[in-house]
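See structure below.
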Amino acid sequence: MGARRKRAIGAHVPVGGGLVKTGVAEGDAIGAEVLQIFLGSPRGWALPKVDDEAAERFREECAARKWPVYVHASYLINLASPDSDAVKRSVEHLRAALAASAKVGAAGVVVHAGSSINGDRDAALGRLAATFGSVLEDAPDSPRLLVEPTAGAANAMAWTFESTAEYIDAVGIPEVGLCLDTCHLHAAGEALADRRELNASLKSLDAAIGAGRVGLVHYNDSKDPVGSRRDRHETLGEGVLGDEGLASVAAAPLLKGVPLVSETPTREHDVAHAKELDRT
Ligand SMILES: [Zn+2]
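Under my numbering, the sequence shown has 146 at position 45, and the numbering climbs by one with no breaks.
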């Protein structure tokens, strides 16, 4: 037996058959200690909503198991878009996601950092503070908003540690946190397996935006080489990132206690594997 673990490890679970009936049951089946869910189609614009009674039951079941819950907002949201209609729709959608997530007792809501679309990064950075301000306006008890850097496809606003620090600095709201995805960082070209380099990068991130900003880690392996800028998750330990890269992230002192959530179809394997890596 290794040292006792002090962080929650779990997975993104489906809830299509019901929050409790499918979501909690799957969490139990895979040994999860934390859940991530969708509260609506991740590829659609239908506003996320949740039945009050179902939300209450889910909240109680998760609380009884001491599971923190995170909600992933729609992939279509782009808070960095140059198109004001797209931004308006994104803000409305994210506000609805925060409200629905509060009902299920979520600790955080994950939203992708988005894209400038036209490559004008400076203009997009300049709009972020106002846009995030309107997302969080009059929403004092909402779960923590967690920005997730992406794999770095064309015109991505946050992918490397450096571009992410710049993004969060431009948002300028201390309550806004980060969700780091190991597959995305690897795709962005970050050498996660190099423990010295990883810890130095995390230290610079803290120095730039303040400590304690990382609220969640998406713990995925990658099918593609470092720097590929491709977002293809792989079963933990079976990808290019591998156990070395994954264990390095789990061991990073600046990520101590931050929950790890895998986002692959191989949930049961990944939760067990992550628990093992977290002990090494
Ligand atoms: Zn992710």
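Glycine included, each C-beta is placed from N, C-alpha and C at the ideal position.
Asked: With 16 other Cβ atoms within 10 Å as the buried cut-off, status of W146; Found: exposed
Asked: Reduced DSSP secondary structure (H/G/I, E/B, other) of A252; Found: coil
Asked: I269 - DSSP class collapsed to helix/strand/coil; Found: helix
Asked: V205 vs R160 beta-carbon contact at 7 Å; Found: yes
Asked: Any 3 or more C-beta pairs closer than 8 Å across the stretch 300-310 and the stretch 261-276; Found: yes
Asked: Span of the beta strand (DSSP E), counted from its first residue to its last, around S182; Found: Per DSSP, S182 belongs to no beta strand (DSSP E) and is neither H nor E.
Asked: V172 - partner residues in DSSP beta bridges; Found: I138 and V210
Asked: H319 CB to nearest heavy atom of ligand 1 below 6 Å; Found: yes
Asked: Span of the beta strand (DSSP E), counted from its first residue to its last, around L361; Found: L361 to S363
Asked: Closest residue to V170 among D282, G273, V350 and G128 (Cα-Cα distance); Found: G128
Asked: I131 - containing alpha helix (DSSP H), residue span; Found: A126 to I131
Asked: Burial state of N179 (16 or more Cβ within 10 Å); Found: buried
Asked: Reduced DSSP secondary structure (H/G/I, E/B, other) of A375; Found: helix
Asked: Buried versus exposed, by CB contacts within 10 Å (16 or more), D223; Found: exposed
Asked: Sequence-distant residues of its chain with Cβ nearer than 6 Å to A289 (five each side left out); Found: G253, W260 and T261
Asked: Closest residue to L237 among L226, R106 and R196 (Cα-Cα distance); Found: R196
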